[in-house]
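Take any residue in the sequence shown, note its place counting from 1, add 157, and you have its number in my numbering. Backbone N, C-alpha and C define an ideal beta-carbon position, used for all residues, glycine too. In this text the structure is predicted, and so the values were computed from the model without any measurement. Notes for the one structure printed next.
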Amino acid sequence: MPCDVLRLNADSPEADAIARASRILLAGGLVAFPTETVYGLGANALDSVAVGRIFSAKGRPALNPIIVHVAAKPDAKKLVTDWPAQAEKLADQFWPGPLTLVLPKAACVPDLVTAGGPTVAVRVPAHPVALALLRKCDVPLAAPSANRSTELSPTRAEHVMQGLAGRIDLVLDAGPTLGGLESTVLDLTTDPPRLLRPGLVTAGQIQAVIGAIVSGGSIGNGAGPLRSPGQMVRHYAPKTPLEVLTDSRRRVADLRQQGLQVGWLTWRDFADAPAGATLMILPGDAAGYSTGLYAALHQLDQIGPDQIVVETPPNGEEWLAVHDRLRRATTRS
Ligand code: TXA
Ligand code: MG
Numbered sequence: 158m159p160c161d162v163l164r165l166n167a168d169s170p171e172a173d174a175i176a177r178a179s180r181i182l183l184a185g186g187l188v189a190f191p192t193e194t195v196y197g198l199g200a201n202a203l204d205s206v207a208v209g210r211i212f213s214a215k216g217r218p219a220l221n222p223i224i225v226h227v228a229a230k231p232d233a234k235k236l237v238t239d240w241p242a243q244a245e246k247l248a249d250q251f252w253p254g255p256l257t258l259v260l261p262k263a264a265c266v267p268d269l270v271t272a273g274g275p276t277v278a279v280r281v282p283a284h285p286v287a288l289a290l291l292r293k294c295d296v297p298l299a300a301p302s303a304n305r306s307t308e309l310s311p312t313r314a315e316h317v318m319q320g321l322a323g324r325i326d327l328v329l330d331a332g333p334t335l336g337g338l339e340s341t342v343l344d345l346t347t348d349p350p351r352l353l354r355p356g357l358v359t360a361g362q363i364q365a366v367i368g369a370i371v372s373g374g375s376i377g378n379g380a381g382p383l384r385s386p387g388q389m390v391r392h393y394a395p396k397t398p399l400e401v402l403t404d405s406r407r408r409v410a411d412l413r414q415q416g417l418q419v420g421w422l423t424w425r426d427f428a429d430a431p432a433g434a435t436l437m438i439l440p441g442d443a444a445g446y447s448t449g450l451y452a453a454l455h456q457l458d459q460i461g462p463d464q465i466v467v468e469t470p471p472n473g474e475e476w477l478a479v480h481d482r483l484r485r486a487t488t489r490s
């Protein structure tokens with residue numbers, strides 16, 4: 158399948174590019190598009206044949222449900238059978254934005270989208286390209302991150318092409334995404350609500366709006382769909398083995414002495430950095446680090462060292478999503 162890349166303006170996307178992408182989607186095709194978090198791989202969420210193509214293109218296990226993207230709150234309500242006061246408050250506070258709400262699914266949502274489960278995950282993305290596309294299509298778009306299953310999420314169109322060229326119809330390229338990490342996923346079907354995936358909207362921000370929530374995905378009985386992305390043993394992982402250490406400088410020096418090629422990812426400069434390692438320094442604030450993390454890991458993967466060594470990032474609530482993704486990235490199987 159030939160895959161075109163259409164370059165477009167991130168702030169005011171060209172109407173002809175959006176129209177072309179919309180035609181492909183309404184005909185059952187797959188289009189990768191930017192959101193404020195990472196690039197998504199979109200299909201018409203109401204067309205189960207199209208959604209099936211997402212699973213094939215990504216090599217995604219059928220038991221992993223997909224987030225549905227909509228243009229605005231009223232569109233989200235059409236996909237669910239219950240819209241609690243908590244959903245109303247959170248949507249008003251955080252949409253458009255990187256918060257995904259899990260709610261009881263309406264009959265119009267194909268079972269494939271929800272991996273056969275009774276709930277659907279829905280969000281309104283805060284990116285002009287994603288919103289223009291959703292408005293033009295006038296259907297909800299099922300869109301997981303636009304990468305092969307278990308691999309790093311894409312924050313640039315080139316990352317999408319590296320994983321999915323030949324498997325999808327079109328990529329809308331509006332440059333790098335600003336958020337850099339995937340949305341926060343919150344299950345509103347439990348009491349108290351449960352944080353299934355930490356993200357750019359923090360637990361504290363959510364609790365300020367709806368009160369107490371609990372953290373951590375509940376592990377299902379293995380028969381149903383995954384309740385939490387955390388059940389994917391390996392996720393968000395670069396191809397190169399990766400370790401996260403508080404004394405990364407010493408580890409890098411050791412590996413260099415063994416003659417190994419090392420990619421070294423830190424958030425601060427080291428005056429006495431060991432020679433010969435490929436050093437990448439991310440910003441020392443959580444937002445800046447999140448924005449750059451996947452791009453840095455993609456770049457290190459391209460260089461292809463024997464090992465990636467990551468200096469443990471700072472602690473604090475705003476760093477939880479970073480720690481979560483790095484922990485998953487260290488799992489090898
Ligand atoms: O920022 C994001 O959320 C990006 C952009 C493209 O929107 N999307 C994304 O999708 O990260 P994906 O599929 O890579 O991750 C969504 C996660 C899945 O791992 C899945 O387990 C969880 O959300 N999820 C989806 N539907 C669910 C449901 N009904 N119940 C519980 N978890 C669900
Ligand atoms: Mg993903």
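Q. Closest to S306 by CA distance: which of P395, E400, D411, Q362 is it?
A. Mapped onto the sequence shown, residue 306 falls at position 149. Taking only the C-alpha atoms, the option nearest S306 is P395.
(Q) Am I right that G353 and V342 are in contact with their C-beta atoms under 8 Å? What's the rounded C-beta distance? (A) Here residue 353 refers to the residue found at position 196 of the sequence shown. Here residue 342 refers to the residue found at position 185 of the sequence shown. Sequence check: residue 353 is Leu here, not Gly. 4 Å between Cβ atoms; contact.
Q.
For A178, report the span of its alpha helix (DSSP H) as first-last.
A. Translated into the one-based positions of the sequence shown, residue 178 becomes position 21. For A178, the enclosing alpha helix (DSSP H) has its first and last residue at 172-183.
Q. In chain order, which continuous runs of the alpha helix (DSSP H) of length 4 or greater are located wholly inside the stretch 268-302?
A. Those alpha helix (DSSP H) runs which fall completely within the stretch 268-302 and span 4+ residues are 285-294.
**Q.** Extent of the continuous alpha helix (DSSP H) to which P231 belongs
**A.** In the sequence shown, residue 231 corresponds to position 74, counting from 1. Here the alpha helix (DSSP H) through P231 covers 230-234.
Q.
Just to confirm my understanding: we take D204, look at its own chain, exclude 5 residues before and 5 after, and list those with CB closer than 6 Å. What are they?
A. Looking up residue 204 in the sequence shown gives position 47. For D204, the CB contacts under 6 Å within the same chain, skipping 5 residues up- and downstream, are G185 in chain order.
(Q) What does the alpha-carbon distance come out to for the pair G433 and L402? (A) Numbered from its first residue, the sequence shown carries residue 433 at position 276. Numbered from its first residue, the sequence shown carries residue 402 at position 245. Going from the Cα of G433 to the Cα of L402 covers about 19 Å.
Q.
Suppose the cutoff is 7 Å on Cβ atoms and the five residues either side in sequence are ignored; what does the same chain contact list for L399 look like?
A. What you label residue 399 is simply residue 242 of the sequence shown in a count that begins at 1. Only I465, V467, A486, T487 meet the Cβ criterion.
Q. Does the Cβ of P275 lie closer than 6 Å to at least one heavy atom of the ligand MG?
A. Locating residue 275 in the sequence shown gives position 118, where the first residue counts as 1. The ligand MG never approaches P275 closely enough for any of its heavy atoms to be under 6 Å from the residue's Cβ.
Q) Is there at least one non-hydrogen atom of the ligand TXA closer than 6 Å to the beta-carbon of P350? A) Here the question's residue 350 lines up with position 193 in the sequence shown. Taken from the Cβ of P350, every heavy atom of the ligand TXA lies 6 Å or farther away.
**Q.** Rounded distance between the beta-carbons of A176 and K293, thought under 8 Å
**A.** One-based indexing of the sequence shown puts residue 293 at position 136. One-based indexing of the sequence shown puts residue 176 at position 19. Yes, K293 and A176 are in contact; Cβ-Cβ is about 6 Å, under 8 Å.
Q) Which residue's Cα is closest to the Cα of L321: V419, A272, G199? A) Counting from one through the sequence shown, the residue named residue 321 turns up at place 164. Nearest option by C-alpha distance: G199.
Q. By how many angstroms is the C-alpha of I224 removed from the C-alpha of P218?
A. To locate residue 218, count along the sequence shown from 1; it is residue 61. To locate residue 224, count along the sequence shown from 1; it is residue 67. Whole-angstrom Cα-Cα distance: 14 Å.
Q. Do you know offhand how far L439's Cα is from A167's?
A. Along the sequence shown, one-based indexing puts residue 439 at 282. Along the sequence shown, one-based indexing puts residue 167 at 10. Answer to the nearest angstrom: the Cα atoms are 24 Å apart.
Q | Backbone secondary structure at V409 - three-state DSSP | A | Counting from one through the sequence shown, the residue named residue 409 turns up at place 252. V409: helix per DSSP, three-state reduction.
Q. Count the other CB atoms within 10 Å of the CB of Q243; is the residue buried (16 or more) or exposed (fewer)?
A. Indexing the sequence shown from 1 puts residue 243 at position 86. Answer is buried; the Cβ neighbour count reaches 16.
Q | According to DSSP, residues forming a beta bridge with W421 | A | Position 264 of the sequence shown holds residue 421. In DSSP, W421 forms a bridge with L436, V466.
**Q.** Residue from R324, R413, P282 with nearest C-alpha to P159
**A.** Taking the first residue of the sequence shown as position 1, residue 159 is located at position 2. For P159, the nearest C-alpha among the options comes from R324.
Q) For the alpha helix (DSSP H) that contains I367, what are its first and last residues? A) For the purposes of this step, residue 367 is taken as the residue at position 210 of the sequence shown. Its alpha helix (DSSP H) spans residues 360-367.
Q. With a cut-off of 7 Å, does the C-beta of G209 fall near any C-beta of chain B?
A. As a matter of chain content, chain B is missing from the structure shown, which is built from one protein chain.
Q | Stretch-stretch touch, CB-based, cutoff 8 Å, three pairs: the stretch 277-286 with the stretch 249-258 | A | Output reads yes: the stretch 249-258 touches the stretch 277-286.
Q. When every heavy atom of the ligand TXA is checked, does at least one fall within less than 6 Å of the C-beta of G254?
A. The sequence position of residue 254 within the sequence shown is 97, counting from 1. The answer is no for G254.
Q: Confirm, please, whether the CB-CB distance from P431 to R413 is below 7 Å.
A: Here the question's residue 413 lines up with position 256 in the sequence shown. Here the question's residue 431 lines up with position 274 in the sequence shown. Against a cut-off of 7 Å, the Cβ pair of P431 and R413 comes out as a contact.
**Q.** Exposed unless 16 or more other CB atoms sit within 10 angstroms - verdict on E308
**A.** As a position in the sequence shown, residue 308 is number 151, starting the count at 1. By the neighbour-count criterion, in which 16 or more other beta carbons inside 10 Å mark a residue as buried, E308 falls on the buried side.
Q: Verify the contact flag: P282, CB atom, against every heavy atom of the ligand HEM, threshold strictly below 6 Å.
A: Judged by which ligands are present, the ligand HEM is missing from the structure shown, whose ligands are the ligand TXA and the ligand MG.
Q. Where does D326 fall in DSSP's three states?
A. The residue you call residue 326 lines up with position 169 of the sequence shown. Three-state DSSP puts D326 in coil, outside helix and strand.
Q.
Contact defined as beta carbons within less than 8 Å: I believe L247 pairs with V366. What is the distance between those atoms, to the nearest angstrom?
A. Position 90 of the sequence shown, counting from 1, holds the residue named residue 247. Position 209 of the sequence shown, counting from 1, holds the residue named residue 366. Contact holds; Cβ gap of about 6 Å.
Q: With Y393 as the anchor, note down where its alpha helix (DSSP H) starts and where it stops.
A: Walking along the sequence shown from the start, residue 393 turns up at place 236. Premise fails: Y393 is in no alpha helix (DSSP H) and is neither H nor E.
Q.
The beta strand (DSSP E) that contains D426, what's its start and end?
A. Within the sequence shown, residue 426 is the residue found at index 269, counting from 1. Run containing D426: none; DSSP gives neither H nor E here.
Q: Would you mind stating whether E193 and G361 have Cβ atoms separated by less than 7 Å?
A: Here residue 193 is taken as the residue at index 36 of the sequence shown, counted from 1. Here residue 361 is taken as the residue at index 204 of the sequence shown, counted from 1. No.
Q) Who pairs with T346 in a beta bridge, going by DSSP? A) Start at 1 with the first residue of the sequence shown, and residue 346 comes out as number 189. In the DSSP secondary-structure assignment, T346 is not bridged to any residue.
Q: Please list, following the chain, all residues that have a C-beta closer than 6 Å to any non-hydrogen atom of the ligand MG.
A: Going along the chain, the residues that qualify are P301, S302, S310.
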